[in-house]
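>
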Amino acid sequence: MTEMPKTEKRQGRLGYLLASTGVSVTGDGVLLAATPLLAASLSRDPLQIGIVSAAGYAAWLSVGLPAGALVDRWPRRRVMVTVDLLRTLVLLALAGLIVSGNSSIWALAIMVFVLGVGSCFFDPAGQAMIPALVGRDKDDLARANGKFWALDTFGRALAGPPLGAAAFAVARFLPFAMDALSFLLSALFVSRLPEASRSTTTSQSILVSVRDGVHFLSCSSELRALVLGEAGYNLGWNIACATLVLFAQDVLHVGNVGYGLLLAAGAAGGVLSARLVPRLAQAVAGRLVFAIGLLVQAASWLLVLLGGSPWLAGLGLVALGFASNALSVVIGSTMQRLTPDDKLGRVVAAVLVLVISAVFFLCHRQR
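The following block contains the structure:
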């Protein structure tokens with residue numbers, strides 16, 4: 004029997020991870036729309052609804068760094084499958100509470116927090132699996148990350164939210180049951196991945212392991228520059244997006260549907276980047292990609308602000324979505340290429356905690 008070429012084997016293995024990503028992030032998008040709708044149906048208290056929205060951030064701030072250290076010690080495939088199955092059970096429990104009429108705002112907040120804790124383990128493990136599946140060649144990592152982030156954008160921002168809103172309109176429990184199914188399917192796909200044999204040092208305390216990962220990140224000039232660039236991009240994105248709905252309604256004079264289409268334009272830009280961004284990452288140095296991305300962001304927001312037209316605003320948001328995914332691909336592939344395997348979970352977790360912390364504190368200062 005002819006042995007399958009190594010490249011084809013790697014692509015087949017990566018396909019399982021991409022399938023897992025596609026179904027789970029679409030479920031996340033469903034939840035992104037359904038959670039505030041359920042919260043608003045359970046309570047009209049802005050403080051309680053704010054607690055629900057903050058619960059996911061709180062999970063990352065409290066658990067993110069130690070979770071990354073544990074991901075570097077435990078078998079990553081097993082971590083991902085276990086987390087997916089636990090998230091399935093949590094969502095089914097919430098769906099049961101809704102059906103029985105026993106759901107509450109506090110049950111919803113706990114569910115959001117627990118799902119956030121699951122993400123603290125699953126996301127670093129998933130990104131750390133990519134170099135184990137495709138190797139550490141720069142071009143291969145860029146292509147894999149291009150597909151990964153395009154799927155993430157499509158499911159989380161383009162397909163999932165309208166599906167979640169429509170499902171909630173049919174039955175309040177339905178989007179949560181759908182998300183549970185997405186995590187179950189994700190677990191099935193992840194279970195098909197190979198479990199790489201890894202030799203890690205477990206004599207360190209969790210605190211020392213976390214400090215070791217953060218120290219590696221801070222001492223790498225290339226990673227440090229890219230992380231600061233990513234933080235700057237996200238800061239600008241969230242400052243502008245905080246009042247985009249008011250600008251769209253009061254200046255561009257579009258209704259709710261028009262505003263939704265503007266958001267979809269940004270997501271479409273991210274999806275369109277899947278094939279082009281890896282080529283850009285192959286041809287241009289990472290720091291230059293970030294510099295170009297920040298310039299594109301500035302020009303795009305100026306186009307949105309000064310264009311005075313929904314069409315020009317949509318074009319600007321397409322460019323923003325494209326630039327956002329370009330930066331995600333570059334920083335993801337660079338982390339995976341430069342970071343030793345036994346530190347990769349911690350480094351990914353540290354970057355995610357940094358970015359999420361900036362978004363969390365910005366959102367709550369604006370309130």
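With the working numbering applied, the sequence shown corresponds to residues 4 to 370, in that order.
Positions of the beta carbon are idealized from the N, C-alpha and C atoms, including for glycine.
Small disclaimer: the values here were computed from a predicted structure and weren't measured.
1) Our contact map puts residue 67 next to residue 123 with C-beta atoms below 8 Å; I'd like the distance itself, whole angstroms only.
2) For residue 371, does the three-state DSSP call read helix, strand or coil?
3) For the region 125 to 168, which segments carrying the alpha helix (DSSP H) assignment without a break, of at least 4 residues, lie completely within its bounds, in sequence order?
4) Pairs of beta-carbons, one from the region 141 to 153 and one from the region 277 to 296, closer than 8 Å: are there three or more?
5) To the nearest angstrom, how far is the alpha carbon of residue 294 from that of residue 269?
6) Please determine if the region 126 to 141 and the region 334 to 352 are in contact, where contact requires at least 3 C-beta pairs separated by less than 8 Å.
7) Counting only the same chain and skipping the five closest in sequence on each side, list residues whose C-beta sits under 7 Å from that of residue 195.
8) Rounded to the nearest angstrom, what separates residue 202 and residue 304 at their Cα positions?
9) Per DSSP, what kind of secondary structure is residue 233 in: helix, strand or coil?
10) Could you spell out the range, first to last residue, of the alpha helix (DSSP H) harbouring residue 57?
11) Any idea if residue 284 is buried or exposed, counting beta-carbon neighbours within 10 angstroms, 16 or more meaning buried?
12) Would you say the region 309 to 324 touches the region 83 to 95, given that touching needs at least three Cβ pairs under 8 Å?
13) My output table needs one value for residue 77: the three-state DSSP class, helix, strand or coil.
14) Under 8 Å: do the region 156 to 168 and the region 24 to 41 share three or more Cβ pairs, one atom per stretch?
15) Return helix, strand or coil for residue 257, following the three-state DSSP convention.
16) Can residue 329 and residue 161 be called in contact, C-beta distance under 8 Å?
17) Could you give the first and the last residue of the continuous alpha helix (DSSP H) run that contains residue 210?
18) Taking 8 Å as the cut-off, decide whether the C-beta atoms of residue 354 and residue 230 are in contact.
19) Please list, in chain order, all residues of the same chain as residue 165 whose beta carbon is under 8 Å from its beta carbon, the five residues on each side excluded.
20) Do the region 204 to 223 and the region 61 to 77 make contact, defined as three or more Cβ pairs closer than 8 Å?
21) Between which residues of its own chain and residue 170 is the CB-CB distance below 8 Å, once the five residues before and five after are set aside?
22) Determine the direct distance from the alpha carbon of residue 72 to that of residue 86, and round the result to whole angstroms.
23) In terms of residues, what are the limits of the alpha helix (DSSP H) holding residue 332?
This is what the structure gives:
1) 5 Å
2) This structure leaves residue 371 out entirely; the chain is present only between 4 and 370.
3) 141 to 156
4) yes
5) 20 Å
6) yes
7) 19
8) Because residue 202 sits at a pLDDT of 49, beneath the cut-off of 50, its placement in the model cannot be relied upon, and the following sentence gives the value as read from the coordinates. Roughly 47 Å separates the two Cα atoms.
9) In the three-state scheme derived from DSSP, where H, G and I count as helix and E and B as strand, residue 233 is classed as helix.
10) 49 to 74
11) buried
12) The answer is no - the region 83 to 95 does not touch the region 309 to 324, with fewer than three Cβ pairs under 8 Å.
13) coil
14) yes
15) coil
16) no
17) Counting along the chain, the unbroken alpha helix (DSSP H) around residue 210 starts and ends at 209 to 222.
18) In contact: residue 354 and residue 230 (Cβ atoms closer than 8 Å).
19) 36 and 263
20) yes
21) 33, 37, 177, 178 and 181
22) 16 Å
23) 313 to 341
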